[in-house]
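Asker: Below is the structure I would like to discuss, written out as structure tokens.
Residue numbers (the numbering used here): -10 to 488.
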């Protein structure tokens, strides 16, 4: 009975969004209320713990998630205001007019780099918005951005998920990182192929799509494996994404028809730099404040810090915001300075920001309710009940289902890092009972979590807000579910065979 009650919030959310096609804000409010009632009466959770758990979840929703979503969409809206998005579109067309190459470059390459640097939704919001401006349909743009934002998530935000996993399990970071890359190896080829096929499903395009997917997959796998094994968790996604971008651009240039090459408009270097100034400044700020520069990061992290302590389950839960290294603040500064460089006035930029706030009001409700729901499920013990039941039921077949637990963690929380905090120790302890390497099984949690990212309601809320498609969350969830299921099945088989 406890297990059934624990599963109800997850199933309810899927049913309301995917089958009743209820907007994300309404379905998340209903699911939150039901979760609160189950926690109170099914799990006998104290009212004060419930209230503080929701407050903690709401705080986590506002920072970093909502601030980052707001600033990511703000950066895109500023580019529309200054009309520099036209130059960016022109540049993508000059690389190749082939829609498949444009989609792969934006979602797998540029999106992967954004995930590697910042994470927290930037890799879905910005590529989806640019794809829509290039003429792709909003639902398609959202779906491919979600599918692409999977593999890179393992080492997103400068390796945060794996670094947290190593801390939670007391395992070696480089061993964990290497195992993660090995478990994701097949998907590094399959995800690019899926993105190419979704863009151009014609049979005659299959050989070209296969070749490009193999090329990009080989570069991603080779570079990420070397980076993970010899450098750790911080760099695999960064190096893999940059090399993927280089390979896709070269391929696009080499395979462009002669007629197209002759017609290509040569944009001036100054105009290109000006158009990309917002994103270049954002990347520069993210790199400077990342663990790649530990001295500077340490100084910034210890100034302008807000700390809030909340009493939950007879202990203090600490919520901290370090504003000077906050990805949302970096996005804002990069966008604001870049907007001024592009010729916008200060007043105009604040008007764009306010209009973006109004554009995202439904997203704010959705994300606050979803993170509040996931926090209550965690603190009331619902998530551990589901995970433990799965571990107990599967026995020696557990490695086959280990990624499912990681997937569940991300589906509920919207974060690979949170999934590792929730289930990293569980995976390592189960490994001891069934004589499997804890490094291998703990890595499977992160790998499964990357699959859950595809269908996480929080990620879907970001995707819909990027395309101004609030209310169509269910449509996108239905489109993305088959890919997420296939993703988790493939990782489960890999984890089981080599366990």
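Every residue gets a Cβ at the ideal spot worked out from N, C-alpha and C, and that includes glycine. Since this is a predicted model, take the numbers as computed values, not measurements.
My output table needs one value for residue 309: the three-state DSSP class, helix, strand or coil.
Answerer: If DSSP states are grouped into helix, strand and coil, residue 309 belongs with the strands.
Asker: Which residues share a DSSP beta bridge with residue 299?
Answerer: 306.
Asker: Using 8 Å as the Cβ pair cut-off and three pairs as the minimum, do the segment 261 to 272 and the segment 229 to 245 touch?
Answerer: Counting Cβ pairs under 8 Å, fewer than three are found: no touch.
Asker: Between the segment 172 to 188 and the segment 445 to 453, can you find at least three pairs of beta-carbon atoms closer than 8 Å?
Answerer: Flag = no, the segment 445 to 453 and the segment 172 to 188 do not touch.
Asker: Name the residue from 53, 6 and -5 whose alpha carbon lies nearest to the alpha carbon of residue 318.
Answerer: Of 53, 6 and -5, the residue nearest in Cα terms is 53.
Asker: Please determine if the segment 414 to 423 and the segment 376 to 393 are in contact, where contact requires at least 3 C-beta pairs separated by less than 8 Å.
Answerer: Contact holds: three or more Cβ-Cβ distances are below 8 Å.
Asker: Got a sec, what are the start and stop residues for the alpha helix (DSSP H) residue 6 sits in?
Answerer: Unbroken run through residue 6: none, as it is neither H nor E.
Asker: To the nearest angstrom, report how far apart residue 156 and residue 124 are at their CA atoms.
Answerer: The alpha-carbon atoms of residue 156 and residue 124 are separated by roughly 44 Å.
Asker: Considering Cα atoms alone, identify which of 122, 97, 38 and 98 is closest to residue 75.
Answerer: If we check each option's Cα against that of residue 75, 122 comes out closest.
Asker: Buried or exposed: where does residue 38 fall if 16 or more other Cβ atoms within 10 Å of its Cβ makes it buried?
Answerer: Label assigned to residue 38: buried.
Asker: Using a 10 Å radius around the Cβ and a threshold of 16 neighbouring Cβ atoms, would you call residue 429 buried or exposed?
Answerer: Buried, by the Cβ-count rule.
Asker: Based on the DSSP output, what are the partners of residue 294 in its beta bridges?
Answerer: The partner list for residue 294 (beta bridge, DSSP) reads 311.
Asker: Using the rule of at least 16 other Cβ atoms within 10 Å of the residue's Cβ for burial, across every protein chain shown, is residue 282 buried or exposed?
Answerer: Exposed.
Asker: In this structure, how does DSSP classify residue 223 when only helix, strand and coil are distinguished?
Answerer: Coil at residue 223, not helix or strand.
Asker: Measure the Cβ-Cβ separation of residue 355 and residue 13 and say whether it is below 8 Å.
Answerer: Yes, Cβ-Cβ distance for residue 355 and residue 13 is below 8 Å.
Asker: Note down, in chain order, each residue of its chain lying with its Cβ closer than 7 Å to the Cβ of residue 501, except the 5 sequence neighbours on either side.
Answerer: The question about residue 501 has no answer, for the chain in this structure spans -10 to 488.
Asker: To the nearest angstrom, how far is it from the Cα of residue 265 to the Cα of residue 163?
Answerer: The straight-line gap from Cα to Cα measures roughly 34 Å.
Asker: Going residue by residue through the segment 113 to 169, where are the continuous alpha helix (DSSP H) segments of at least 4 residues, counting only ones entirely within it?
Answerer: Complete alpha helix (DSSP H) runs here, min 4: 127 to 137 and 145 to 158.
Asker: Distance, Cα to Cα, residue 403 vs residue 333?
Answerer: Spanning the two alpha carbons is a distance of roughly 34 Å.
Asker: Using alpha carbons as the reference points, say which of 469, 306, 313 and 168 lies closest to residue 294.
Answerer: Of 469, 306, 313 and 168, the residue nearest in Cα terms is 313.
Asker: Straight-line CA distance for residue 465 to residue 78?
Answerer: C-alpha separation (whole angstroms): 25 Å.
Asker: Note down, one range per segment and in chain order, each beta strand (DSSP E) of at least 3 residues found wholly within the segment 25 to 94.
Answerer: The segment 25 to 94 contains no whole beta strand (DSSP E) run of 3 or more residues.
Asker: Below 6 Å CB to CB, which residues in the same chain sit around residue 352 once its five sequence neighbours on both sides are set aside?
Answerer: If we look at residue 352 and ignore the five residues flanking it on each side, its Cβ neighbours are 450 and 454.
Asker: For the segment 79 to 90 and the segment 359 to 366, state whether three or more C-beta atom pairs, one from each stretch, are separated by less than 8 Å.
Answerer: As far as the Cβ criterion goes, the segment 79 to 90 does not touch the segment 359 to 366, which means the pair count is below three.
Asker: Mind checking which residues open and close the alpha helix (DSSP H) that includes residue 457?
Answerer: Per DSSP, residue 457 belongs to no alpha helix (DSSP H) and is neither H nor E.
Asker: Whole angstroms is fine: what's the gap from residue 382's alpha carbon to residue 433's?
Answerer: Taking the straight line from one Cα to the other gives about 18 Å.
Asker: Using CA atoms only, rank isn't needed, just tell me which of 5, 28 and 308 is closest to residue 372.
Answerer: Comparing Cα-Cα distances from residue 372 to each of 5, 28 and 308, the minimum goes to 28.
Asker: Since residue 348 is in the alpha helix (DSSP H), which residue starts that stretch and which ends it?
Answerer: From DSSP, the alpha helix (DSSP H) with residue 348 extends over 335 to 348.
Asker: May I ask you to report which of helix, strand or coil DSSP gives residue 282?
Answerer: In this structure, residue 282 counts as coil in the three-state DSSP scheme.
Asker: Which whole-angstrom value describes the C-beta separation of residue 57 and residue 349, a residue pair presumed to lie in contact below a C-beta threshold of 8 Å?
Answerer: Rounded, the Cβ-Cβ distance is 12 Å, inconsistent with contact.
Asker: Of the choices 457, 135 and 85, whose alpha-carbon is the least far from that of residue 97?
Answerer: When each option's Cα is compared against that of residue 97, the closest is 135.
Asker: Taking the alpha helix (DSSP H) that residue 274 falls in, what are its first and last residues?
Answerer: Its alpha helix (DSSP H) spans residues 266 to 277.
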